[in-house]
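Below is one structure, written out as structure tokens, with a few remarks after it.
There are 2 protein chains.
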Amino acid sequence: MSPRKFLHPDAAELTLHRILFALSDPTRLAAVSELMDGAEHSSGDLLAQSVPRSTMTHHLKILREAGVTRTRPEGMRCLISLRRNDVDARFPGLLDAIMAHGRSGRSADSRAAAS
Amino acid sequence: MSPRKFLHPDAAELTLHRILFALSDPTRLAAVSELMDGAEHSSGDLLAQSVPRSTMTHHLKILREAGVTRTRPEGMRCLISLRRNDVDARFPGLLDAIMAHGRSGRSADSRAAAS
DNA sequence: TACGATGTACGACGAACACCGTACATTATC
DNA sequence: GATAATGTACGGTGTTCGTCGTACATCGTA
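For the record, the sequence lines run as chains D and E. The letter at position 67 of the first sequence is residue 68 when you use my numbering, and the numbering goes up by one with no holes. The letter at position 85 of the second sequence is residue 86 when you use my numbering, and the numbering goes up by one with no holes.
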């Protein structure tokens, strides 16, 4: 087995609706927002939000399979980075336009009915 | 009852992830693509694609509830239009960046370099 | 009033998603 | 080898989505 093996879609296979879906979740949006600095971040690094590890793995998988991120095993960690070149090549300006608002896109979403 | 009544979210309530989700489906992407001309289109007009009316109604509802479109009853038809101003005001450049690729968001390389 | 056209509302179904806990694999260190 | 740390894989549950058929409401017209 190879639990340290990740499948990434080819750059030419990226589809717009898949990418948009990958970014249509607050948790994933926040993760990508962190990755916008161009650096590699470990899964635990992105895990700043209060969500279990297994849940984060799930979101990271969706991001990866949409072709938005690349995951690379490094030692006992996984380093995740944005596939900026690939995404930009196929959809110029898309990532920037979306992530320009990635931080503030959570205004009145607080549907959290009290507590 | 008021089957001719539609609820639209307030402009200030639009959220990025909701909009991205609304655009994360090929059928809806195609519909919005048609609406990019700024004109009002009837539901049947958008229905060019081979999908049942009820399915289209569903997609239009998602678009409407995300704040992407506005639906207005007109005679025996419904006229749908893009809420360009509202979306642009809240997320400048987002719609243009996404819809610039709305047509080619298919599969493999469609290197149509726009023109 | 009756009819046809347009589009919604409702219910149903299968598939995919979001979430989580737990177990396992991998790596580094002792 | 034993241990701890990191993160995945594997279920499981509940929800939502995408799809469709059918029934109903509305409007325009005969």
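Think of the CB as a built atom: it goes at the ideal place given N, C-alpha and C, for glycine as much as any other residue.
- For S34 (chain D), the enclosing alpha helix (DSSP H) begins and ends at P27 to L36.
- The beta carbons of D89 (chain D) and L80 (chain D) sit about 20 Å from each other, so the pair does not count as a contact at 8 Å.
- Note that the C-beta distance between R78 (chain E) and S43 (chain E) is below 8 Å.
- Your pair H60 (chain D) and D26 (chain D) checks out as a contact, with CB atoms roughly 7 Å apart and the cut at 8 Å.
- For I63 (chain E), the nearest beta carbon of chain D is not closer than 8 Å to its own beta carbon.
- Under the 8 Å Cβ criterion, the segment 8-15 of chain D does not count as touching the segment 28-38 of chain D, having fewer than three qualifying pairs.
- In the displayed model, E75 (chain E) falls within a strand according to three-state DSSP.
- Under the 8 Å criterion on CB atoms, G94 (chain E) is classed as interfacial with respect to chain D.
- The beta-carbon of P10 (chain D) is placed no less than 8 Å from the nearest beta-carbon of chain E.
- Taking a Cβ-Cβ cut-off of 9 Å, H60 (chain D) has no neighbours in chain E, whose nearest Cβ is about 12 Å from it.
- With contacts defined by Cβ atoms closer than 8 Å, L47 (chain E) and M57 (chain E) form a contacting pair.
- When the alpha-carbon of S51 (chain E) is set against those of E:K6, E:E75 and E:T28, the nearest one is in E:T28.
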